[in-house]
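Worksheet: one structure, shown below.
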Amino acid sequence: MPSPAKLILILFALTISTITSHPIIAQSPAPVYVTLWFDTEDYVLPQSDDAVKRLAEILTRLGVKATFKVVGEKARTLEQRGRKDVITALKKHEIGYHSNTHSQQPTIAVYLQHAGWEDGAAEFYRREVQGVRDIERIFGVTPTCYGQPGAAWASQTYPALKRMGIGMYLDESNHVGIDDQPFYFGQMLNVFKMRSTLTRMELKGGASLTEGKSKFQAAFDKLRAQGGGTISIVYHPCEWVHAEFWDGVNFKRGANPPRNEWKTPETRPVAETEKAFSDFEEYVKFIKAQPGARFVTASELMKLYADGATSHNFTSDEIAAIARSVQNEITFQKMNGFTLSAADSFSLLTEAFLSNEEKRPVRLNPIYGPARQFAPAAGGKPLTTVKPVEFQEAVLQVSQFCRAHGRMPDEIWIGARSISPQDYLATLGSVIEGRKSANAQMNDIQLRQGKFTADSYVAEDSTRLWSWVIFPEGFHAPKIMELARLQAWTLKPALLQQ
Ligand SMILES: [Zn+2]
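And the structure:
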């Protein structure tokens, strides 16, 4: 029999343990969103159609909604082969887009390698829109997201995708990204360059399942420790049935055989395929059982990571804070509950300067970055000061340019001379900050030098960045990466909405 003092201690300990184990008091785990996506692209090997159907049905049975990014030619092939059963199985999931013909030459980065911003977007639209229209006809929905074939990424795709009605970029490559988590770029949510939070179980049997689980666990634990986030899992349905990719056997290193010479790849032994399906089912069940893990599709991610800046009313205090920040460094920044890209700051300060009424809140008009690198105008001396009336006119022209072109200007004209977008923005910041002082309207404006740094998140061009086996040997695309650095004006982290 314990002493009364000991009894009190035991009772106390019991009470504490009851309180801490109570579900209402226990802290709920940080949410980890898992997006499972399938690049549904093989229109050569007929067995891959059955793999698509079986995966879609397994996931439906497990109550998991995945995102199938379908190639236009794959959708048309399913229709031609009379595979209504596959189309019906896929319709239970979310449909994305994965280009019109995927690996047929020239691939996207190849045909855009010399293109500029506007002409590149127009050319991508012209070549790729048919696949979207066919998916709409065959599946009855507009694809929610897009991701490039192989490493064929280019920033000009973003405005064209928007025009096609597609709202999100879902893929993996190393061209641009922020800290292995979702971000905004090109006015779109991107789940891209996820690296440490991109995972998958291999389909090789043996230790694949055990290793796949522990790889998932590592990414999951990392995100839980940092308060939640997103894990990206990628597959191709054809991997279950082929011994080699359908495009590698036909379009490797720039090869472009006519359709009647296309070869079908070797298939895997049936036992291997069966093991891959059963491992996959266990893998999905394992993920589903993790506390706080939730499978989400592309359109769910768009809601979870909605851009709060676009619906925010910016107060004069917030404008003043942005005006101070751009004089120091021009990059993305975190505000209270949302983020701003450098282009957002450019647009906001331009409109705030023109709105005059200091108390009226300013709304964000999102814009793309410039289309080419700044080059000083020929002739004359570089500007150091500007008259207030000239500056007022320049800001008005910038505002009108942004509205007319939906993007930032490449240069800002002050009479016959021009300044770069970053110098304009730093100067505008100092003018807005100094606007309250009595002499502000009278004195000449000192031009400031802006320091644009967001482009450090964009990869350098190299043959390694473009190491997709379908590209011609030695392919690389410096112009595409130059445009990407200009679009880094639109880069900012995506925040989970609370
Ligand atoms: Zn692909």
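If you're matching positions, the sequence shown starts at 130 in the working numbering and goes up one per residue.
Cβ atoms here follow ideal geometry from the backbone N, Cα and C, with glycine treated the same way.
Practice task
With a cut-off of 8 Å on the beta carbons, I'd call residue 394 and residue 373 a contact; round off their distance for me.
Solution key: Counted from its first residue, the sequence shown places residue 394 at position 265. Counted from its first residue, the sequence shown places residue 373 at position 244. At roughly 5 Å, the Cβ-Cβ gap stays under 8 Å, so residue 394 and residue 373 are in contact.
Exercise for the section: Check the DSSP bridge columns for residue 462 and list the partner residues they point to. Expected result: Locating residue 462 in the sequence shown gives position 333, where the first residue counts as 1. Partner(s): 469.
Exercise for the section: Have a look at 239, 204, 443 and flag the residue whose alpha-carbon is nearest the alpha-carbon of residue 271. Expected result: The residue you call residue 271 lines up with position 142 of the sequence shown. Taking only the C-alpha atoms, the option nearest residue 271 is 204.
Problem - Every unbroken alpha helix (DSSP H) within the stretch 282-335, with a cutoff of 4 residues, ordered by chain - result: 286-293
Exercise for the section: Round the Cβ separation of residue 364 and residue 530 to the nearest angstrom and send it over; I've been treating them as touching at under 8 Å. Expected result: Sequence index remark: in the sequence shown, residue 364 carries index 235 (1-based). Sequence index remark: in the sequence shown, residue 530 carries index 401 (1-based). No, residue 364 and residue 530 are not in contact; Cβ-Cβ is about 44 Å, not under 8 Å.
Exercise for the section: Express the C-alpha separation of residue 406 and residue 187 in angstroms, rounding to a whole number. Expected result: Mapped onto the sequence shown, residue 187 falls at position 58. Mapped onto the sequence shown, residue 406 falls at position 277. Going by the C-alpha atoms only, they are around 9 Å apart.
Problem - C-alpha gap between residue 617 and residue 577, whole angstroms - result: Counting from one through the sequence shown, the residue named residue 617 turns up at place 488. Counting from one through the sequence shown, the residue named residue 577 turns up at place 448. So the two alpha carbons sit approximately 21 Å from each other.
Exercise for the section: State the Cα-Cα distance for the pair residue 631 and residue 481, rounded to the nearest angstrom. Expected result: Lying outside 130 to 627, the shown extent of the chain, residue 631 is not represented and no answer is given.
Problem - Sheet register partners of residue 621 (DSSP bridge) - result: In the sequence shown, counting from the first residue as 1, residue 621 sits at position 492. According to DSSP, which records beta bridges pairwise, residue 621 is partnered with 313.
Exercise for the section: In the DSSP assignment, find the unbroken alpha helix (DSSP H) run with residue 188 in it and report its ends. Expected result: Position 59 of the sequence shown holds residue 188. Residue 188 -> alpha helix (DSSP H) spans 176-191.
Practice task
Give a single yes or no on whether residue 301 has its beta carbon closer than 7 Å to a heavy atom of ligand 1.
Solution key: Within the sequence shown, residue 301 is the residue found at index 172, counting from 1. It does not: the Cβ of residue 301 is nowhere closer than 7 Å to a heavy atom of ligand 1.
Handout entry: Start and end residues, alpha helix (DSSP H) containing residue 556
Key = For the purposes of this step, residue 556 is identified with residue 427 of the sequence shown, where counting begins at 1. Looking at the DSSP string, the run of the alpha helix (DSSP H) that includes residue 556 is 550-563.
Exercise for the section: Kindly indicate which three-state DSSP category residue 445 falls into: helix, strand or coil? Expected result: Counting from one through the sequence shown, the residue named residue 445 turns up at place 316. Helix.
Problem - Backbone CA spacing between residue 622 and residue 493 [nearest angstrom] - result: Start at 1 with the first residue of the sequence shown, and residue 622 comes out as number 493. Start at 1 with the first residue of the sequence shown, and residue 493 comes out as number 364. Near 17 Å, if we compare the C-alpha coordinates of residue 493 and residue 622.
Practice task
Would you decide whether residue 485 is buried or exposed? Buried here means 16 or more other CB atoms lie within 10 Å of its CB.
Solution key: The residue you call residue 485 lines up with position 356 of the sequence shown. Exposed is the call here.
Problem - Per-residue burial, residue 229 [other beta carbons within 10 Å of its own, 16 or more giving buried] - result: Working through the sequence shown from its first residue, we reach residue 229 at position 100. Under this definition residue 229 is a buried residue.
Practice task
Look at the Cβ atom of residue 575, then the Cβ atom of residue 459, and state whether they are nearer than 8 Å.
Solution key: Here the question's residue 575 lines up with position 446 in the sequence shown. Here the question's residue 459 lines up with position 330 in the sequence shown. Not closer than 8 Å, so no.
Handout entry: Burial state of residue 243 (16 or more Cβ within 10 Å)
Key = By one-based count along the sequence shown, residue 243 stands at place 114. Its Cβ having fewer than 16 others within 10 Å, residue 243 is exposed.
Exercise for the section: Taking all protein chains shown into account, decide if residue 181 is buried (16 or more other Cβ within 10 angstroms of its Cβ) or exposed. Expected result: For the purposes of this step, residue 181 is identified with residue 52 of the sequence shown, where counting begins at 1. Classification for residue 181: buried.
Practice task
Any chance you could list the residues with Cβ under 7 Å from a heavy atom of ligand 1, keeping chain order?
Solution key: Residues with a Cβ closer than 7 Å to any heavy atom of ligand 1, in chain order: 168, 170, 227, 231, 278, 279, 365.
Practice task
Tell me whether the beta-carbon of residue 631 lies closer than 8 Å to the beta-carbon of residue 438.
Solution key: Because the chain here runs from 130 to 627, residue 631 falls outside it and cannot be looked at.
Handout entry: Limits of the beta strand (DSSP E) - the one that residue 166 falls within
Key = By 1-based counting over the sequence shown, the position of residue 166 is 37. Start and end: 161-169.
Exercise for the section: Return the residue from the list 191, 174, 175 that minimises the CA-CA distance to residue 424. Expected result: By one-based count along the sequence shown, residue 424 stands at place 295. With distances taken between Cα atoms, residue 424 lies closest to 191.
Exercise for the section: Spatial neighbours of residue 417 within its chain, please: CB distance less than 6 Å, with the 5 preceding and 5 following residues excluded, ordered by chain position. Expected result: Position 288 of the sequence shown, counting from 1, holds the residue named residue 417. If we look at residue 417 and ignore the five residues flanking it on each side, it has no Cβ neighbours.
Handout entry: Under the three-state DSSP convention, the category residue 197 falls into
Key = Here residue 197 is taken as the residue at index 68 of the sequence shown, counted from 1. The answer is strand: DSSP assigns residue 197 an E or B state.
Problem - residue 358 - containing alpha helix (DSSP H), residue span - result: Mapped onto the sequence shown, residue 358 falls at position 229. That residue, residue 358, is in no alpha helix (DSSP H); its beta strand (DSSP E) goes 358-364.
Practice task
Classify residue 371 as helix, strand or coil using the three-state DSSP reduction.
Solution key: Locating residue 371 in the sequence shown gives position 242, where the first residue counts as 1. Reduced to three states, the DSSP call for residue 371 is strand.
Practice task
Taking residue 613 as part of the alpha helix (DSSP H), name the residues at either end of that continuous run.
Solution key: Counted from its first residue, the sequence shown places residue 613 at position 484. 607-616 is the extent of the alpha helix (DSSP H) around residue 613.
Practice task
Tell me, please, whether the stretch 601-620 touches the stretch 305-319 by the rule of three or more beta-carbon pairs shorter than 8 Å.
Solution key: yes
Handout entry: Nearest residue (CA-CA) to residue 165, options 307, 329, 497
Key = Taking the first residue of the sequence shown as 1, we reach residue 165 at position 36. Comparing Cα-Cα distances from residue 165 to each of 307, 329, 497, the minimum goes to 329.
Practice task
Give me the Cα-Cα distance between residue 454 and residue 469, rounded to the nearest whole angstrom.
Solution key: Taking the sequence shown and counting its residues from 1, one reaches residue 454 at position 325. Taking the sequence shown and counting its residues from 1, one reaches residue 469 at position 340. Linking residue 454 to residue 469 through their CA atoms gives a straight-line distance of about 12 Å.
Practice task
Answer with buried or exposed for residue 171, where buried requires no fewer than 16 other C-beta atoms within 10 angstroms of its C-beta.
Solution key: On the sequence shown, residue 171 is found 42 positions in, with the first residue counted as 1. Buried is the call here.
Exercise for the section: Figure out for me which residue from 282, 269, 614 has the closest Cα to the Cα of residue 241. Expected result: Start at 1 with the first residue of the sequence shown, and residue 241 comes out as number 112. Per the Cα distances, 282.
Practice task
Check residue 626 in the structure and name its three-state DSSP category.
Solution key: In the sequence shown, counting from the first residue as 1, residue 626 sits at position 497. Coil, per DSSP.
Problem - Cβ neighbours of residue 391 in the same chain (closer than 8 Å, five flanking residues each side left out) - result: On the sequence shown, position 262 is the one that residue 391 refers to. Only 173, 379 meet the Cβ criterion.
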